[in-house]
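Novice: Sharing a structure with you now.
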Amino acid sequence: KLDALPLPDYDSYFKTLSRCPSVAAKAQVALTAESSRGCWWGHKKGCTFCGLNGQGGAYASKTPQRFRSELHTLSKRYGSTLFSITDNIIDKRYFDTLLPMLADDGAPYRLFYETKSNLRRYHLASFRKAGIDWIQPGIESLSTAHLRHMRKGAHAWEHVYLLRLAMEYGMRLQWFILHDFPGEKSEWYEEMAHLVPLINHLQPPVNMIPLQFCRFSEYHEKAEQYGLRLAPPPLAPMAYPFERVVLQDLLFSFEPESGRDCIENTVLSMLTEKAGKRRLRAALADWTQAFWSPQRPQLTMHDDGQTCRLRDTRSIATTPVHVMTGKVRKAYLAACEDCRPLADIQKLAGAQTDTIVTRLVDQKLAVILDDRLVGLAAGPARYAFPPRW
Numbered sequence: 007k008l009d010a011l012p013l014p015d016y017d018s019y020f021k022t023l024s025r026c027p028s029v030a031a032k033a034q035v036a037l038t039a040e041s042s043r044g045c046w047w048g049h050k051k052g053c054t055f056c057g058l059n060g061q062g063g064a065y066a067s068k069t070p071q072r073f074r075s076e077l078h079t080l081s082k083r084y085g086s087t088l089f090s091i092t093d094n095i096i097d098k099r100y101f102d103t104l105l106p107m108l109a110d111d112g113a114p115y116r117l118f119y120e121t122k123s124n125l126r127r128y129h130l131a132s133f134r135k136a137g138i139d140w141i142q143p144g145i146e147s148l149s150t151a152h153l154r155h156m157r158k159g160a161h162a163w164e165h166v167y168l169l170r171l172a173m174e175y176g177m178r179l180q181w182f183i184l185h186d187f188p189g190e191k192s193e194w195y196e197e198m199a200h201l202v203p204l205i206n207h208l209q210p211p212v213n214m215i216p217l218q219f220c221r222f223s224e225y226h227e228k229a230e231q232y233g234l235r236l237a238p239p240p241l242a243p244m245a246y247p248f249e250r251v252v253l254q255d256l257l258f259s260f261e262p263e264s265g266r267d268c269i270e271n272t273v274l275s276m277l278t279e280k281a282g283k284r285r286l287r288a289a290l291a292d293w294t295q296a297f298w299s300p301q302r303p304q305l306t307m308h309d310d311g312q313t314c315r316l317r318d319t320r321s322i323a324t325t326p327v328h329v330m331t332g333k334v335r336k337a338y339l340a341a342c343e344d345c346r347p348l349a350d351i352q353k354l355a356g357a358q359t360d361t362i363v364t365r366l367v368d369q370k371l372a373v374i375l376d377d378r379l380v381g382l383a384a385g386p387a388r389y390a391f392p393p394r395w
């Protein structure tokens, strides 16, 4: 049904832009386009906090041929090869249809897409071949308990794995850490605060932001079940001069009545914030500063088939160079390639498993997450890191 929709019409925008030559000369215009509506994960299970598509129908997408034609027409008409795709989530079938088509066309566009976060190497490779070099994966947290609480359908190890793959494939990420969940535990944030120094060579989140309570989300629909009393934000009556009962039916986002003093007063919020969040917030600030500095930390590896060499410039590095051979090398490559379960590492390393795992963790080259050995070193870059647009 989406194939029957008309093409977006941006004629009036570009006509106005043409009247401002000084602006037009500097403008880098990305066109918006839509390839699907709804969220297939939402229809399958859904995140607890999501209020998107609350009254929408089933997930639907355009045929790959139709959307490919749409991109071509819009690019030719408006003279831009940049596209910000407005989908809530990319159709997973596109990995076998649309993306190979765009790759066969020579990846003529640069595209942004939102996607689920439990991606594998195949997905990153397909993205890059098709010209998708900027994605917003729904990472939201690096704690599996936290992710389970929000029903993300992903694990912490998968998120660290994705961050590492993004460095290899030159993929720009846009992601956030969410907090202020009903029933949250400080230990989730403590856990992430301890993890962050190990991964400051990978892309940090844009920010750590409080959860927004949206209409149609489970937190709104089942507020009493979560012990919530949701109210219109205090500024809402200034924009909409109606009684509260009207605002309750009118607004899309709400705030919990308890803790509103902290919401309205950022200083008070910082003073009353629990230790776990404070530590994570400080760790994220250090991470962001380090990663975007001219001397970006690195933890990279090169394997020649016999020997694996690692270079480590992180502030927590135990030594700048590591050399691995034999079972240590095999175990580490397995930990980096697909974050093998510890039981699989046991098969590779045999009686030396405990010694090898302890060594890799003590050297801060790997972490254990969700009973898996997760390697932290990024392999050789397959693509250059893309510039902002």
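Just so we're on the same page, the numbering used here is the position in the sequence shown counted from 1, plus 6.
Using N, Cα and C, we set each Cβ at its ideal position, and we do this for glycine too.
Tell me whether the beta-carbon of Ser119 lies closer than 8 Å to the beta-carbon of Asp102.
Specialist: Looking at the sequence shown, residue 119 is not Ser but Tyr. No, Cβ-Cβ distance for Tyr119 and Asp102 is not below 8 Å.
Novice: How far does the alpha helix (DSSP H) with Asp350 in it reach, from first residue to last?
Specialist: Run containing Asp350: 348-355, per the alpha helix (DSSP H) assignment.
Novice: Judging by CA-CA distance, which residue of Leu148, Cys26, Lys336, Ala383 is the nearest neighbour of Ala323?
Specialist: The residue with the shortest Cα to Cα distance from Ala323 is Ala383.
Novice: Alpha carbon to alpha carbon, how far is Ser147 from Ser28?
Specialist: Answer to the nearest angstrom: the Cα atoms are 42 Å apart.
Novice: Below 6 Å CB to CB, which residues in the same chain sit around Thr150 once its five sequence neighbours on both sides are set aside?
Specialist: Here the set comprises His161, Ala162, Asp376.
Novice: Tell me whether Leu257 sits in a helix, a strand or coil according to DSSP, three-state version.
Specialist: Reduced to three states, the DSSP call for Leu257 is coil.
Novice: Could you check which residue in Arg178, Asp15, Thr38, Leu171 has the C-alpha nearest to that of Met307?
Specialist: Among Arg178, Asp15, Thr38, Leu171, the Cα nearest to that of Met307 is on Leu171.
Novice: Tell me whether Pro27 sits in a helix, a strand or coil according to DSSP, three-state version.
Specialist: Pro27 falls in the helix class under three-state DSSP.
Novice: DSSP on Thr5, reduced to helix/strand/coil?
Specialist: Here the chain comprises residues numbered 7 to 395, so residue 5 is not present and cannot be evaluated.
Novice: Shortest alpha-carbon distance to Arg394 belongs to which of Lys68, Met177, Ile96?
Specialist: When only C-alpha atoms are compared, the closest one is Met177.
Novice: So the alpha helix (DSSP H) Tyr338 belongs to, where does it begin and stop?
Specialist: Looking at the DSSP string, the run of the alpha helix (DSSP H) that includes Tyr338 is 332-344.
Novice: Rounded to a whole number of angstroms, what is the C-alpha to C-alpha distance between Leu179 and Asp255?
Specialist: For Leu179 and Asp255, the distance between alpha carbons rounds to 35 Å.
Novice: Checking 8 Å against the spacing of the C-beta atoms, do Arg221 and Gly57 come in under that value?
Specialist: For Arg221 and Gly57, yes; Cβs fall inside 8 Å.
Novice: DSSP three-state label for Ile96, please.
Specialist: Three-state result, Ile96: coil.
Novice: Is Leu125 near Pro143, with beta carbons less than 8 Å apart?
Specialist: Yes; because the gap between Cβ atoms is below 8 Å, this pair is in contact.
Novice: Report the rounded CA-to-CA distance for Arg72 versus Asn59, giving the unit in angstroms.
Specialist: For Arg72 and Asn59, the distance between alpha carbons rounds to 23 Å.
Novice: Would you identify the three-state DSSP class for Leu236, choosing helix, strand or coil?
Specialist: Strand at Leu236.
Novice: Using only the alpha-carbon positions, how far apart do Thr38 and Leu77 sit?
Specialist: Between Thr38 and Leu77, the C-alpha separation is close to 10 Å.
Novice: Rounded to the nearest angstrom, how far is the Cβ of Gln304 from that of Thr325, given a contact under 8 Å?
Specialist: In fact, because the Cβ distance is near 14 Å, the residues do not count as touching under 8 Å.
Novice: Return the CA-CA distance between His226 and Gly44, expressed in angstroms with no decimal places.
Specialist: Taking the straight line joining both Cα atoms gives about 19 Å.
Novice: If the criterion is Cβ atoms closer than 8 Å, does the pair Gly415 and Glu224 meet it?
Specialist: The structure shown does not extend to residue 415, since the chain spans only 7 to 395, so no value can be given for it.
Novice: Report the option in Met214, Phe260, Leu201 whose CA atom is closest to the CA atom of Ala229.
Specialist: Minimum Cα distance to Ala229 is reached at Phe260.
Novice: In whole angstroms, what is the alpha-carbon distance linking Asp186 and Ala31?
Specialist: Using only the alpha carbons, I get a separation of about 43 Å.
Novice: Under 8 Å between the Cβ atoms of Cys345 and Val367?
Specialist: No, these two residues do not count as a Cβ contact at 8 Å.
Novice: Would you mind reading off the limits of the beta strand (DSSP E) that contains Asp111?
Specialist: No beta strand (DSSP E) contains Asp111, which DSSP labels as neither H nor E.
Novice: Given that a residue counts as buried once 16 or more other Cβ atoms are within 10 Å of its Cβ, and exposed if not, what is Cys26?
Specialist: The residue is exposed, with fewer than 16 neighbouring Cβ atoms inside 10 Å.
Novice: Going by the CB atoms, is the gap between Ile215 and Leu184 shorter than 8 Å?
Specialist: Result yes, Cβ atoms of Leu184 and Ile215 sit closer than 8 Å.
Novice: What number of angstroms, rounded off, separates the C-alpha of Pro262 from the C-alpha of Leu241?
Specialist: C-alpha separation (whole angstroms): 14 Å.
Novice: Taking all protein chains shown into account, decide if Tyr401 is buried (16 or more other Cβ within 10 angstroms of its Cβ) or exposed.
Specialist: Given a span of 7 to 395 for the chain in the structure shown, any question on residue 401 remains unanswerable.
Novice: Please determine, among Thr79, Ile91, His200, the residue with the shortest C-alpha to C-alpha distance to Arg285.
Specialist: Comparing Cα-Cα distances from Arg285 to each of Thr79, Ile91, His200, the minimum goes to His200.
Novice: Can you tell me the Cβ-Cβ gap for Trp1 and Pro386, rounded? I've got them flagged as a contact below 8 Å.
Specialist: Residue 1 lies beyond the residue range present for the chain, which begins at 7 and ends at 395; the question has no answer from this structure.
Novice: For Gly233, count neighbouring C-beta atoms within 10 Å of its own C-beta (all shown protein chains included) and say buried if the count is 16 or more, exposed if not.
Specialist: So Gly233 counts as exposed.
Novice: So, with DSSP's three-state summary, where would you put Met214?
Specialist: Met214 falls in the strand class under three-state DSSP.
Novice: Grab me the residues of Arg134's own chain with a C-beta within less than 6 Å of its C-beta, minus the 5 sequence neighbours each way, in chain order.
Specialist: So the list reads Tyr175, Tyr389, once near-sequence residues are dropped.
Novice: Quick one: what's His226 bridged to in DSSP?
Specialist: Beta-bridge pairing links His226 to no other residue.
Novice: Would Trp194 be called buried (16 or more neighbouring beta carbons within 10 Å of its own) or exposed?
Specialist: Its Cβ being crowded by 16 or more others within 10 Å, Trp194 is buried.
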